[in-house]
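A.B. asks: Just so you know, we're using the working numbering here: the sequence shown kicks off at 28 and counts up by one. Have a look at this one.
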Amino acid sequence: MTTDVAAVHREASFHAVAELLMSAGVAGVPVVDDDDHVLGVVSEADLLTKAEFKQRYYGDAYRPPLRARIRHVAGVGRHEPAGETAGDLMTAPARTIAPMASIVTAARQMDRHGVKRLPVIDADGRLIGIISRHDLVKVFLRSDDDLLRQVKNAIRADALGLSVTVAEGLVTISGAFPEPSQPDTALRLAQGVDGVVAVRHSLT
């Protein structure tokens, strides 16, 4: 996750939100209260309901992305034109995730809810970071040497005499276990290492 999070208070003005989106180069930011509890997310699509945003920041010829146009026509995430603060304009409740959640869980949540980012919150609901689709993709750019170390540690390969190789994120494991349940456990552990694309094996 990214810990340096661009966020806005629920009382932030429309212009403050728009300026932050432009200056930070992001399409959406979490909205928080006085104690940094995440209340919702305000995005470019939320601001597109106000013609002023389009005219000031993009010009009359601007056409929003297809997803935003569909959201606008369908009324998804729309707000009353009178909304002038982040709290008025945000989509709530926010889709959030815990810091210990797996990369797979984050990816599934983004896909299920059609969002590009998830605020990361602590046990009290306070904002501590954000994870985006870009962050998820970066995980799969980890070096093979890094993945090899992680996988070998996870399955205790050296102690069990297992052979492990990694090529472009593809893990291959071979060897023998004394207990019949151990190969399945080793495969699950290897597949659970962030950045592993797939696992092949010849375990007995």
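Backbone N, C-alpha and C define an ideal beta-carbon position, used for all residues, glycine too. Here the structure is a predicted model, which is why all the values come from computation and not from measurement.
Which residues in the same chain have their Cβ closer than 6 Å to the Cβ of PRO126, if we skip the five residues on either side of it in sequence?
C.D. replies: Contacts found: VAL147.
A.B. asks: Report yes or no: do three or more beta-carbon pairs, one from the region 142–156 and one from the region 55–73, lie closer than 8 Å?
C.D. replies: With a cut-off of 8 Å, the region 55–73 and the region 142–156 count as touching, because enough Cβ pairs lie within range.
A.B. asks: Under DSSP, the beta strand (DSSP E) around ARG144 begins and ends at which residues?
C.D. replies: Where ARG144 is concerned, the enclosing beta strand (DSSP E) stretches over 144–148.
A.B. asks: At 3 residues or longer, and completely inside the region 159–215: list those beta strand (DSSP E) runs for me, N to C.
C.D. replies: Runs found: 190–194 and 197–202.
A.B. asks: Quick one: what's got a C-beta closer than 8 Å to GLY219's C-beta in the same chain, skipping five residues either side?
C.D. replies: So the list reads SER129 and ALA181, once near-sequence residues are dropped.
A.B. asks: What's the C-alpha gap between LEU174 and ARG183?
C.D. replies: When rounded, the distance between both Cα atoms is 14 Å.
A.B. asks: I need the boundaries of the alpha helix (DSSP H) containing ARG135, first residue and last residue.
C.D. replies: Unbroken alpha helix (DSSP H) run through ARG135: 130–140.
A.B. asks: Mapping the DSSP letters down to three states, classify ILE97 as helix, strand or coil.
C.D. replies: With a pLDDT of 43 at ILE97, under the threshold of 50, the modelled position of that residue is not reliable, and the figure given next carries that caveat. Reduced to three states, the DSSP call for ILE97 is helix.
A.B. asks: Hey, quick one: how far does the beta strand (DSSP E) through ALA119 stretch, first residue to last?
C.D. replies: Element bounds for ALA119: n/a, residue is neither H nor E.
A.B. asks: Please classify LYS165 as buried or exposed, where buried requires at least 16 neighbouring CB atoms within 10 angstroms.
C.D. replies: Exposed, because fewer than 16 other Cβ atoms sit within 10 Å of the Cβ of LYS165.
A.B. asks: From the DSSP output, read off the bridge partner residues of ARG37.
C.D. replies: Bridge partners of ARG37: none, in fact.
A.B. asks: Does the region 134–143 come close enough to the region 154–163 to have 3 or more Cβ pairs within less than 8 Å?
C.D. replies: With the cut-off at 8 Å, the region 134–143 and the region 154–163 touch.
A.B. asks: Nearest to LEU1 by alpha carbon, out of GLU206, ARG176, THR29 and ASP221?
C.D. replies: Here the chain comprises residues numbered 28 to 231, so residue 1 is not present and cannot be evaluated.
A.B. asks: Quick one, which of PHE204, ASP172 and ARG122 has its alpha-carbon nearest LEU187's?
C.D. replies: Measuring from the Cα of LEU187, the nearest candidate turns out to be PHE204.
A.B. asks: Which two residues bound the contiguous alpha helix (DSSP H) that contains ALA72?
C.D. replies: Start and end: 71–74.
A.B. asks: Go ahead and pull the three-state DSSP assignment for ALA225.
C.D. replies: Three-state DSSP puts ALA225 in a strand.
A.B. asks: Going by alpha carbons, who is nearest to VAL59 out of ASP73, GLU46 and VAL35?
C.D. replies: Closest option to VAL59, Cα to Cα, is VAL35.
A.B. asks: Sorted by chain position, which residues of the same chain lie with C-beta nearer than 8 Å to THR29's C-beta, five sequence neighbours on each side aside?
C.D. replies: If we look at THR29 and ignore the five residues flanking it on each side, its Cβ neighbours are GLY156, ILE157, ILE158, SER159 and ASP162.
A.B. asks: Using DSSP with H/G/I as helix, E/B as strand and the rest coil, what is VAL56?
C.D. replies: Reduced to three states, the DSSP call for VAL56 is strand.
A.B. asks: List the residues that DSSP assigns as beta-bridge partners of ILE157.
C.D. replies: In the DSSP output, where bridge partners are listed per residue, ILE157 has THR29 and PRO146.
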